[in-house]
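Q:
Protein chains: 2
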Amino acid sequence: MQKGDVLFRQDQTTSGLYRVDSGCVTLQRTGLDGDTLTLHRAVSGGLFAEASVFSATYHCDAICSEAGSVIKIAKADIVATMQSNPTFSEGFTRLLAVQVQQYRAHIELLAIPSAKERILAAVQAGYLDSTVTELATRINLSHEACYRALRGLCDDEFMVRVGRGKYALPR
Amino acid sequence: MQKGDVLFRQDQTTSGLYRVDSGCVTLQRTGLDGDTLTLHRAVSGGLFAEASVFSATYHCDAICSEAGSVIKIAKADIVATMQSNPTFSEGFTRLLAVQVQQYRAHIELLAIPSAKERILAAVQAGYLDSTVTELATRINLSHEACYRALRGLCDDEFMVRVGRGKYALPR
DNA sequence: GATCCTTTATGATTTGGATCATATGCCTCT
DNA sequence: AGAGGCATATGATCCAAATCATAAAGGATC
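Protein chains in written order, with the numbering used here: chain A, 48 to 218; chain B, 48 to 218.
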């Protein structure tokens, strides 16, 4: 799986969910005007497209953002294992419950009006694990506003710049 | 259950999930600055706080927004039924999967930059089931901007005004 | 009926983020 | 080494939404 590879596209018939062995996959949707919105980032060990087990089509695009490998788990296998193995079933359900809460937290984050505060909250929530540009697509900001806010947060000493494009919370 | 009643508060220990028999309950969180954000609206027949089954504390406040009644379903009952009844288990899991997709769609809606387009998308998605003010808290707009955008959409004939505070899509 | 509160509604002003423009650093591919 | 592309970065300008202000309509309560 190379960077830029498409695992699946929105509206394609679902075949199953995926597990990331290495590298990174982002789930994104492309707006009518062509701009991309990042809905999820799955890194090593992470699953993605879990909800597809209960859906006929995928609801977003899955694009490889960092070369690596994934394994696909067929829908039928998941459904069968859920019926025969209550422990697995509970784990899978829990996974979705956690996602629901994460999305709620994300929606709360998106509701923060100030760019600086929103970015600070995002960084504290561990969102700054990729590029600044990518962060911007996750939190509804232009990348310019993102850079400026990071700059401002560093000036205010809420964050520190630790290299070109590298920012961190002060220890 | 009267309007304004608090079913539970954020950070309280979870006791179970709820089913709305009549009336309406909203799940909301209050920002640091005191403004409220509506995360979910449950009407007759709807469940809420499903994710609480896998969480020690509630992650938002549940407030009655329309008088009615609810029944509480204990966490232990859900867990037990899930283990003994695979059909129930699958249904519950499906419920959470649907929510995940709904939240993703909502996040996509929040990413629409133009207020008018965002509101139109929200109305088409059936969000205009309560007051305009309440709609505003769901889609990250001030209520003034919301009224103005609705007015604009009516002027452009993308919507029609059917009474004081009542707007609808043209048939 | 009088009072209070919420929702609806709109006008005026301000401001923060989008947009446009430009430039540099870095990585990859050839 | 050179070329192209993407991320980084910042400055200038513009505009749409936030904010502030005001007011009327409707509902609930006394």
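Don't be surprised by glycine CBs; every beta carbon is placed ideally from N, CA and C.
1. Taking the beta carbon of residue 56(B) as the centre, do at least 16 other beta carbons fall within 10 Å, making it buried, or is it exposed?
2. Just the Cα atoms here: how many angstroms apart are residue 30(A) and residue 117(A)?
3. From the beta carbon of residue 141(A), is the nearest beta carbon of chain B less than 8 Å away?
4. Short of 8 Å in beta carbon distance, which residues of its chain neighbour residue 180(A), apart from the five on each side in sequence? Order them along the chain.
5. Please tell me whether residue 133(B) has its Cβ less than 8 Å away from any Cβ of chain A.
6. Residues in its own chain within less than 7 Å of residue 204(A) by CB, not counting five upstream and five downstream?
7. For residue 63(B), which three-state DSSP category applies?
8. So, does the CB of residue 116(B) fall closer than 8 Å to a CB anywhere in chain A?
9. Identify every residue that forms a DSSP beta bridge with residue 95(A).
10. Per the DSSP calculation, residue 116(A) is bridged to which residue(s)?
11. Within 8 Å of any Cβ in chain B, is that where the Cβ of residue 182(A) sits?
12. Across the segment 92 to 99 of chain A and the segment 129 to 146 of chain A, are there enough close Cβ pairs to call them in contact, namely three or more that are closer than 8 Å?
13. Would you give the residue range spanned by the alpha helix (DSSP H) that residue 145(B) belongs to?
14. Quick one: list the residues of chain B neighbouring residue 174(A), beta-carbon separation under 7 Å, in chain order.
15. DSSP three-state label for residue 213(A), please.
16. In terms of alpha-carbon separation, which member of 100(A), 108(A) and 152(A) lies closest to residue 62(A)?
17. So residue 196(A) is in the alpha helix (DSSP H); what residue range does that whole segment cover?
18. For residue 110(A), list the residues DSSP reports as bridge partners.
19. Could you check where the alpha helix (DSSP H) with residue 90(B) kicks off and where it finishes?
20. Would you mind sorting residue 70(B) into buried or exposed? The rule is 16 or more other CB atoms within 10 Å of its CB.
21. Under a three-way DSSP split, which group does residue 184(B) fall into?
22. Going by DSSP, which residues form a beta bridge with residue 104(A)?
23. Any beta carbon of chain B sitting closer than 8 Å to that of residue 129(A)?
24. Per DSSP, what kind of secondary structure is residue 172(A) in: helix, strand or coil?
A: Looking at the atomic coordinates:
1. Exposed is the call here.
2. Nothing in the structure corresponds to residue 30(A), since chain A is present only between 48 and 218.
3. Yes, because at least one Cβ of chain B sits closer than 8 Å to the Cβ of residue 141(A).
4. For residue 180(A), where only same-chain residues beyond five positions count, the Cβ hits under 8 Å are 190 and 193.
5. Interface residue, yes.
6. Closer than 7 Å at the Cβ level, and outside the excluded window around residue 204(A), lie 217.
7. The three-state secondary structure of residue 63(B), taken from DSSP, is strand.
8. So, not an interface residue.
9. The beta-bridge partner set that DSSP reports for residue 95(A) consists of 65(A).
10. Per DSSP, 69(A).
11. With 8 Å as the cut-off, residue 182(A) does not count as an interface residue toward chain B.
12. Contact between the segment 92 to 99 of chain A and the segment 129 to 146 of chain A is present: three or more C-beta pairs spanning the two stretches fall below 8 Å.
13. Run containing residue 145(B): 133 to 157, per the alpha helix (DSSP H) assignment.
14. Around residue 174(A), no beta-carbon contact reaches into chain B at under 7 Å, the shortest distance being about 14 Å.
15. Residue state, collapsed to three classes: strand.
16. Measuring from the Cα of residue 62(A), the nearest candidate turns out to be 100(A).
17. Residues 190 to 202.
18. DSSP output for residue 110(A) lists 53(A) and 73(A) as bridge partner(s).
19. Looking at the DSSP string, residue 90(B) is not in any alpha helix (DSSP H); the run it does join, the beta strand (DSSP E), is 83 to 90.
20. So residue 70(B) ends up on the buried side.
21. Residue 184(B): helix per DSSP, three-state reduction.
22. Partner(s): 60(A).
23. At least one CB of chain B lies nearer than 8 Å to the CB of residue 129(A).
24. Taken through DSSP and simplified to helix, strand or coil, residue 172(A) comes out as coil.
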